[in-house]
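Peer 1:
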Amino acid sequence: MKFLILHGPNLNLFGRREPHIYGTTTLAQINERLQLLAGELDVELVIHQSNHEGVLVDHFHQYIDSVDGALLNPAGLTQHGVSLHDAIKAMPFPVLEIHMSNIAAREPWRDHSIIAPAVKATIQGLGWRSYTAGLRALVETVRETKAN
Numbered sequence: 007m008k009f010l011i012l013h014g015p016n017l018n019l020f021g022r023r024e025p026h027i028y029g030t031t032t033l034a035q036i037n038e039r040l041q042l043l044a045g046e047l048d049v050e051l052v053i054h055q056s057n058h059e060g061v062l063v064d065h066f067h068q069y070i071d072s073v074d075g076a077l078l079n080p081a082g083l084t085q086h087g088v089s090l091h092d093a094i095k096a097m098p099f100p101v102l103e104i105h106m107s108n109i110a111a112r113e114p115w116r117d118h119s120i121i122a123p124a125v126k127a128t129i130q131g132l133g134w135r136s137y138t139a140g141l142r143a144l145v146e147t148v149r150e151t152k153a154n
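Just so we're aligned, residue 7 is where the sequence shown starts under my numbering, counting upward by one.
#1: Suppose only complete runs of 4+ residues qualify. What are the alpha helix (DSSP H) ranges in the stretch 11-66, listed by chain order?
#2: Note down, in chain order, each residue of its chain lying with its Cβ closer than 8 Å to the Cβ of Ala-44, except the 5 sequence neighbours on either side.
#3: With a threshold of 6 Å on Cβ separation, who are the neighbours of Val-148 within its own chain once the five nearest residues in sequence on each side are excluded?
#4: Counting along the chain, where does the beta strand (DSSP E) carrying Ala-153 start and finish?
#5: Name the residue from Asp-48, Thr-30, Gly-29, His-86 whose alpha carbon lies nearest to the alpha carbon of Pro-15.
#6: Would DSSP call His-118 helix, strand or coil?
Take a look at the structure:
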């Protein structure tokens, strides 16, 4: 099985950007932890980061028929990424929304996610562990679906 991991705008700055919110773990370290977990789960990952919404949409389109699910941290596109929302709705596989911080506990404008209605679930507030928890949940969900 293969899974798409998409990191949105500014997430390439993890480890440097507001460490009091996001911690000091870098995006490279998150990706490394995801790859290690993928090995344990016997799945393959395709990982991309972009600061541009259209590039993230393009990745969904590119992998529409070749992955079993996706994790997406939409970052700053969470509240306004209409084309990203629409792309997710077109996917034939489950997508989980991931956030390192608890967006409901931050600025009031961050509380609403335009992405949330398009995804299967949202995992947030666990720091880098939001990603690994999301990957575990996604793999289990897809395996259960394929078994039935």
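Ideal placement from N, C-alpha and C gives every residue a C-beta, glycine not left out.
Peer 2: Per the coordinate set shown:
#1: Runs found: 25-28, 33-47.
#2: Your numbering for residue 44 matches position 38 in the sequence shown. When the five nearest sequence neighbours on each side are left out, the beta carbons in the same chain lying within less than 8 Å of the beta carbon of Ala-44 are those of Phe-9, Glu-50, Leu-51, Leu-141, in order along the chain.
#3: Within the sequence shown, residue 148 is the residue found at index 142, counting from 1. Answer for Val-148: Asp-74, Gly-75, listed in chain order.
#4: Against the sequence shown, residue 153 aligns to sequence position 147. Counting along the chain, no beta strand (DSSP E) covers Ala-153; the unbroken alpha helix (DSSP H) around it starts and ends at 135-153.
#5: As a working mapping, residue 15 is identified with position 9 in the sequence shown. For Pro-15, the nearest C-alpha among the options comes from His-86.
#6: The residue labelled residue 118 in the question sits at position 112 within the sequence shown. His-118 falls in the coil class under three-state DSSP.
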